[in-house]
Structure formats: structure tokens, C-alpha cells
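J.: For what it's worth, numbering that gives the first Met the number 0 labels the leading residue of the sequence shown as 0, then goes sequentially. Ideal placement from N, C-alpha and C gives every residue a C-beta, glycine not left out. Fair warning: this is a prediction, and the values are worked out from it, not measured in the lab.
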Amino acid sequence: MLKTGILNPQINSLLSRVRHTNLLVIADRGFPYWPGIETVDIALTDDIPRVLDVLRAIQGNFKIGRYFMAEEFLTASSAAAQMEFSEVMGNAPTVYEPHAQFKQRVPLAIGLIRTADTTPYSNIILESA
């Protein structure tokens, strides 16, 4: 039985299948359902958990090469939310792009983790290093 780290078996399975340059989506509660992509839904109640909670939890098991976010995040979210994402992501290169373009990357992902985050446009696509 696992006692530390990621305890969710579906998330562990997703992480163990990620290889070099594969994509993993961590989405907010309003992100559309994608029938062709394995989805692990961990939404419990508003903002539990948040995208940042998942990012913090997987950092020890996922080497981020770069990440993608919707450019709308920069105008729809608070400065505090932007700062928090920046602090968690550190020096990983960031690509901001229109939300419509961002969603075109989703079908290429290994999987999607849906959170209960209410932060506007807090969806993120991680590309493994």
C-alpha cells in the first residue's frame, strides 16, 4: 500500500505512461469532456482540489519541459493567481496561446486530470522533458 506521494491509482497510472515530450492536461471544473482521452476526475467541491494542488503533488514524478496555458488566463485571472502559477511552475518555459488553439492540443495528450478549480482559464497542458 502506498503511504506517500500520489495515492490515486489512476493518476499514478497516467504518470507512469508519460514519456519524453508527451502531454498531460490538468483542467478546471468547466473544461469540456473529451471522449477519446482518459480522464481522471478528482473534483470534490468548489476549488477542492485546484489545478495548483495537482501540479504541486505531481512535481516529484513529472519533469516538465514546458507548459501551455490559454492567453485569456492573463486577462481573466487575478494577479495573485498568475503569481501563484508562476511560483509553482518555476523556470519551465511557458507558451500562452488563444484558448481555441490551446484546446487543439488536448487530443494529443496521454490523459486529463479534471479538478474543481474555479480560477478562470486555469487549465494547463504539461509537456514532459
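Under a Cβ-count criterion, where at least 16 other Cβ atoms within 10 Å of its own Cβ denotes burial, should R123 be classed as buried or exposed?
T.: Reading off the sequence shown, one finds Ile at residue 123, where the question assumed Arg. I123 is buried by the Cβ-count criterion.
J.: Using the beta-carbon count (16 or more within 10 Å), is Y132 buried or exposed?
T.: There is no way to answer for residue 132, as the model of the chain reaches only from 0 to 128.
J.: Out of N11, A26, R16 and N7, which one is the CA nearest neighbour of K102?
T.: The residue with the shortest Cα to Cα distance from K102 is A26.
J.: Going along the chain, which residues of its own chain have a beta-carbon closer than 7 Å to the beta-carbon of L107, five neighbours each way excluded?
T.: Excluding positions up to five away in sequence, the list reads L22.
J.: Are there three or more Cβ pairs, one per stretch, closer than 8 Å when the segment 85 to 96 is compared with the segment 110 to 122?
T.: Flag = no, the segment 85 to 96 and the segment 110 to 122 do not touch.
J.: Within the same chain, show all residues whose beta-carbon is closer than 8 Å to that of G59, passing over the 5 residues directly before and after it, in chain order.
T.: Taken in chain order, the residues that qualify are G4.
J.: I'd like to know if the segment 80 to 91 and the segment 37 to 56 are in contact, where contact means that at least 3 CB-CB pairs between them fall below 8 Å.
T.: As far as the Cβ criterion goes, the segment 80 to 91 touches the segment 37 to 56, which means the pair count is three or higher.
J.: What's the gap between the Cα of M68 and the Cα of S12?
T.: Rounded to the nearest angstrom, the two C-alpha atoms are 24 Å apart.
J.: What separation, rounded to the nearest whole angstrom, lies between the Cα atoms of Q9 and S77?
T.: Computed Cα separation, rounded: 32 Å.
J.: DSSP three-state call for L23: helix, strand or coil?
T.: Note: L23 maps to strand in three-state DSSP.
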